[in-house]
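Colleague: Counting with mature numbering (1 follows the signal peptide of the UniProt record, and there is no 0), you get residues -30 to -1, 1 to 291 for the letters of the sequence shown. Backbone N, C-alpha and C define an ideal beta-carbon position, used for all residues, glycine too. Keep in mind it's a predicted model, so treat the numbers as computed, not measured. Next up is a structure, given as structure tokens.
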Amino acid sequence: MAWMSLSRLPNMLPCLLWVSLVFGISTVRAADESADAVGYLDIIDMSGGNISAISRRMLIGFMNAIKIDLSNNQITVIETGAFDGLPLLHHLWLPFNHIHVIEKGVFDGKPTLTAIELGHNDITLIERGAFDGLPYLDYLCLTDNRIQTIPKNLFRDLTSLSHLFLGDNQIRSIENDAFEGLSALEVLRLDSNQLQTVVVGMFNGMPSLSDLSLGRNEIASVEDGAFSQLLSLKTFDLHGNQIQTITRGTFDGLESLTCLWLPGNRIAAIDEDAFAGLPSLIELNLADNPICHSIAVALSGDTLHELTSTWGMSPGAHIAC
């Protein structure tokens, strides 16, 4: 899979577009096949119907299925054990339904799963252990639901997960060590939520993370060292928050960071040497912040060079206002 090249695509690329680019799998509608042939299909399309619940009985006979598409139905409930008769299942598509809860055990016995799409539902609760036993899961999308809290160790068994989408929810709190165990995670989307504070421990457990989006939250407070565990982070989007000041410790430890986007905040002050701990930083975007007004008033080549030096940035770094 070409995950690495995809991580360079535009930051806000919709979840479902990522899916089509990465997997590129065409589907065959089960309804278009004879009853005898259905059991031999490896891709089952049951999308766009009036299915309200997924039961084990409903999926009997699909023992060769690699991908099942149940998107755009009226599904509210997934029965525990519904996927037990699908030993080869890799991709499970459930977006645009009305699922409320992901219960523990619903994916039990499905270690073959590599991609789960649950975006655009009504999910308010994910039970602890719901994603246990999925050692090969590489992609998980929970975009556009009603999730409010990410509890500790929710994703602890997902050691192969590289892409996690949690944008467009109602997330107000993330417990410390919520992402513990995500050793392979490269891309994390938490944009368009309701986070107000970022504290030390919130982003532990992701040593491979290279792309993080926290844009369009309500973040006003960032504890010094809150991101210090993200040693592989290269691109960081914090646009559209309420940050007012950047201190020496705000981005402490981000030694691999190359691009930092902070447009649309309330930044009026940046401490001396605030970016001194970011030796790889080449792009800093401060557009639509109060500090940009004072920069623009006196902007010249000498002034810009002086700012990069004052803030501890390398001489070749680019500042956008």
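What's the gap between the Cα of HIS61 and the Cα of ALA35?
Modeller: The count along the sequence shown starts at 1 and reaches residue 61 at position 91. The count along the sequence shown starts at 1 and reaches residue 35 at position 65. Here the C-alpha atom of HIS61 lies approximately 9 Å from the C-alpha atom of ALA35.
Colleague: Kindly indicate the opening and closing residues of the beta strand (DSSP E) around ALA100.
Modeller: Looking up residue 100 in the sequence shown gives position 130. No beta strand (DSSP E) holds ALA100; DSSP gives it neither H nor E.
Colleague: If you draw a straight line from the C-alpha of VAL192 to the C-alpha of ILE30, how long is it?
Modeller: The sequence position of residue 192 within the sequence shown is 222, counting from 1. The sequence position of residue 30 within the sequence shown is 60, counting from 1. Going from the Cα of VAL192 to the Cα of ILE30 covers about 51 Å.
Colleague: To the nearest angstrom, how far is it from the Cα of SER132 to the Cα of ALA85?
Modeller: Position 162 of the sequence shown holds residue 132. Position 115 of the sequence shown holds residue 85. If you draw a straight line from the Cα of SER132 to the Cα of ALA85, it is about 10 Å long.
Colleague: Within 10 angstroms of the Cβ of MET33, are there 16 or more other Cβ atoms? Answer buried if so, exposed if not.
Modeller: Residue 33 sits at position 63 when you count from the first residue of the sequence shown. Answer is exposed; the Cβ neighbour count stays below 16.
Colleague: Can you give the Cα-Cα distance for ARG116 and ASP92, rounded to whole angstroms?
Modeller: Working through the sequence shown from its first residue, we reach residue 116 at position 146. Working through the sequence shown from its first residue, we reach residue 92 at position 122. One C-alpha to the other measures close to 6 Å.
Colleague: Let me know the secondary structure DSSP gives LEU134 once reduced to three states.
Modeller: Within the sequence shown, residue 134 is the residue found at index 164, counting from 1. Strand at LEU134.
Colleague: Between the C-alpha atoms of PHE77 and SER250, what's the straight-line distance to the nearest angstrom?
Modeller: On the sequence shown, residue 77 is found 107 positions in, with the first residue counted as 1. On the sequence shown, residue 250 is found 280 positions in, with the first residue counted as 1. So the two alpha carbons sit approximately 41 Å from each other.
Colleague: Is GLU150 closer than 8 Å to ARG126 when the C-beta atoms are compared?
Modeller: Taking the sequence shown and counting its residues from 1, one reaches residue 126 at position 156. Taking the sequence shown and counting its residues from 1, one reaches residue 150 at position 180. Yes; because the gap between Cβ atoms is below 8 Å, this pair is in contact.
Colleague: Tell me, please, which residues DSSP counts as bridged to SER191.
Modeller: By 1-based counting over the sequence shown, the position of residue 191 is 221. Bridge partners of SER191: THR167.
Colleague: Between PHE66, LEU158, ALA23, VAL169, which has its C-alpha nearest ASP222's C-alpha?
Modeller: Along the sequence shown, read from residue 1 onward, the residue named residue 222 stands at position 252. For ASP222, the closest C-alpha among the options PHE66, LEU158, ALA23, VAL169 is that of VAL169.
Colleague: Can you tell me the Cα-Cα spacing of ASP138 and ASN42, whole angstroms?
Modeller: Sequence index remark: in the sequence shown, residue 138 carries index 168 (1-based). Sequence index remark: in the sequence shown, residue 42 carries index 72 (1-based). Looking at the two C-alpha atoms, the distance is approximately 19 Å.
Colleague: Hey, out of ARG142, THR217, LEU152, whose CA is closest to THR129's CA?
Modeller: Here residue 129 is taken as the residue at index 159 of the sequence shown, counted from 1. Closest option to THR129, Cα to Cα, is LEU152.
Colleague: Count the other C-beta atoms from every protein chain shown that fall within 10 angstroms of the C-beta of ASN20, then say buried if there are 16 or more, exposed otherwise.
Modeller: The sequence position of residue 20 within the sequence shown is 50, counting from 1. Burial call: exposed.
Colleague: Around the C-beta of GLY175, are 16 or more other C-beta atoms found within 10 angstroms, so that it is buried, or is it exposed?
Modeller: Residue numbering aside, residue 175 sits at position 205 when the sequence shown is read from its first letter. Under this definition GLY175 is a buried residue.
Colleague: Could you tell me which residues DSSP puts in a beta bridge with ILE240?
Modeller: Taking the first residue of the sequence shown as 1, we reach residue 240 at position 270. Note: ILE240 sits in a beta bridge opposite ILE216.
Colleague: So who's on the other strand from PHE206, going by DSSP bridges?
Modeller: Residue mapping note: residue 206 aligns to position 236 of the sequence shown, counting from 1. Paired residue(s): LEU182, LEU230.
Colleague: If you follow the beta strand (DSSP E) that ALA246 is part of, which residue opens it and which one closes it?
Modeller: Here residue 246 refers to the residue found at position 276 of the sequence shown. Element bounds for ALA246: n/a, residue is neither H nor E.
Colleague: In the DSSP assignment, find the unbroken beta strand (DSSP E) run with ARG116 in it and report its ends.
Modeller: Counting from one through the sequence shown, the residue named residue 116 turns up at place 146. Taken as a continuous stretch (DSSP letters only), ARG116 belongs to no beta strand (DSSP E), as it is neither H nor E.
Colleague: When you compare each of GLY247, TYR109, GLY210, ARG218 to ASN259 by their alpha carbons, which one comes out closest?
Modeller: To locate residue 259, count along the sequence shown from 1; it is residue 289. Selected option, being the one with the closest Cα: GLY210.
Colleague: For PRO65, count the other beta carbons within 10 Å of its own beta carbon; 16 or more makes it buried, fewer makes it exposed. Which is it?
Modeller: Against the sequence shown, residue 65 aligns to sequence position 95. The residue in question, PRO65, is buried, as its Cβ has 16 or more Cβ neighbours within 10 Å.
Colleague: Closer than 7 Å: is that where the CB of PHE125 sits relative to any heavy atom of the ligand PLP?
Modeller: Among the ligands in the structure shown, none appear at all, so the ligand PLP cannot be discussed.
Colleague: Quick one: what's got a C-beta closer than 8 Å to GLY195's C-beta in the same chain, skipping five residues either side?
Modeller: Within the sequence shown, residue 195 is the residue found at index 225, counting from 1. Excluding positions up to five away in sequence, the list reads VAL170, GLY219, ASP222, GLY223.
Colleague: On the DSSP bridge list, what partners appear for TRP63?
Modeller: Taking the first residue of the sequence shown as 1, we reach residue 63 at position 93. ASP39, GLU87.
Colleague: Cα separation between ALA246 and ALA238?
Modeller: On the sequence shown, residue 246 is found 276 positions in, with the first residue counted as 1. On the sequence shown, residue 238 is found 268 positions in, with the first residue counted as 1. Answer to the nearest angstrom: the Cα atoms are 19 Å apart.
Colleague: What are the start and end residues of the beta strand (DSSP E) that includes HIS288?
Modeller: Here residue 288 corresponds to residue number 318 of the sequence shown, with the count starting at 1. Counting along the chain, the beta strand (DSSP E) containing HIS288 begins and ends at 288 to 290.
Colleague: For the candidate residues PRO57, SER279, GLY99, whose alpha-carbon lies nearest to that of LYS37?
Modeller: Counted from its first residue, the sequence shown places residue 37 at position 67. That would be PRO57, whose Cα lies nearest to the Cα of LYS37.
Colleague: Along the chain, where does the beta strand (DSSP E) containing GLU253 start, and where does it finish?
Modeller: The residue given as residue 253 occupies position 283 in the sequence shown. From DSSP, the beta strand (DSSP E) with GLU253 extends over 253 to 255.
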